[in-house]
Amino acid sequence: MNLENAAKPDSHFLYPGMIFAQSGQHMITTVLGSCISVCLWDAALHFGGMNHYLLPFWNGDGLQTPKYGNVAIPMLVEKMISLGSSRGNLRAKVFGGANILENSSGLLNIGARNISFAETALIENRIMVLGKDIGGTAGRKVMFLTSTGEVFVKKVVKGQG
Numbered sequence: 032m033n034l035e036n037a038a039k040p041d042s043h044f045l046y047p048g049m050i051f052a053q054s055g056q057h058m059i060t061t062v063l064g065s066c067i068s069v070c071l072w073d074a075a076l077h078f079g080g081m082n083h084y085l086l087p088f089w090n091g092d093g094l095q096t097p098k099y100g101n102v103a104i105p106m107l108v109e110k111m112i113s114l115g116s117s118r119g120n121l122r123a124k125v126f127g128g129a130n131i132l133e134n135s136s137g138l139l140n141i142g143a144r145n146i147s148f149a150e151t152a153l154i155e156n157r158i159m160v161l162g163k164d165i166g167g168t169a170g171r172k173v174m175f176l177t178s179t180g181e182v183f184v185k186k187v188v189k190g191q192g
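192 is the number that this note's numbering gives the last residue of the sequence shown; the numbers go up by one with no jumps.
The structure is reproduced here in structure tokens:
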């Protein structure tokens, strides 16, 4: 394959509280701490989308935004379906949920709560999870190539440049 003539994917950086899903070839990048990103890939149509949420639940106050898992995951699923995906062809990979705050446990451990919500939501939506890199104490830089479903992860440790 001649790499010089190969199509290069469009690059998109996903900030917290955002969703990106489009057909075609895209490289979506984000950086996570306790936040979660769910990457959805359509195994038949070969395109995908990704979200980046900060907290598991929107409580109904204020604006309903995808910075909450219970908004971000259904929005991403619906966006993929609106682009032609069948729910049965969707595959997921889940990243993030680090415990990045020292001495954070129980209800304060937002990372663990975010992970729990993502896993439950994907089961309820009957979406197969093909891979995950979750928990721990390191942040992550995540790069998702939507045309192939490949995800590249680099751990980001506090104090390292």
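Note that beta-carbon positions come from the ideal geometry of N, C-alpha and C, so glycine has one too.
Asked                                                                                                                                                             : Found
What residue does the alpha helix (DSSP H) around Ile59 start on, and which one ends it?                                                                          : Segment 57-63 is the beta strand (DSSP E) holding Ile59; no alpha helix (DSSP H) there.
Would you tell me roughly how many angstroms separate the C-alpha atoms of Asn90 and Pro40, rounded to the nearest one?                                           : 37 Å
Taking the alpha-carbon of Asp73 as reference, which of Ser178, Val188, Val182, Lys186 has the nearest alpha-carbon?                                              : Ser178
Considering only DSSP beta bridges, list what Asp41 is partnered with.                                                                                            : His57
Within 10 angstroms of the Cβ of Lys124, are there 16 or more other Cβ atoms? Answer buried if so, exposed if not.                                                : buried
With Phe175 as the anchor, note down where its beta strand (DSSP E) starts and where it stops.                                                                    : 170-176
Whose C-alpha, out of Gly170, Ser54, Gln95, Cys66, is nearest the C-alpha of Gly115?                                                                              : Ser54
Under the three-state reduction of DSSP, which class applies to Phe126: helix, strand or coil?                                                                    : strand
Is it buried or exposed, Ser117, if we count other Cβ atoms within 10 angstroms and call 16 or more buried?                                                       : exposed
Measure from the alpha carbon of His83 to the alpha carbon of each residue in Asp92, Ile146, Glu155, then state which is nearest.                                 : Ile146
If the criterion is Cβ atoms closer than 8 Å, does the pair Gly170 and Ile131 meet it?                                                                            : yes
So, for Pro47: in the same chain, excluding its five sequence neighbours on each side, which residues have a beta-carbon less than 7 Å away from its beta-carbon? : Cys66, His83, Leu85, Lys98
Using CA atoms only, rank isn't needed, just tell me which of Phe183, His77, Ala52 is closest to Gly127.                                                          : Phe183
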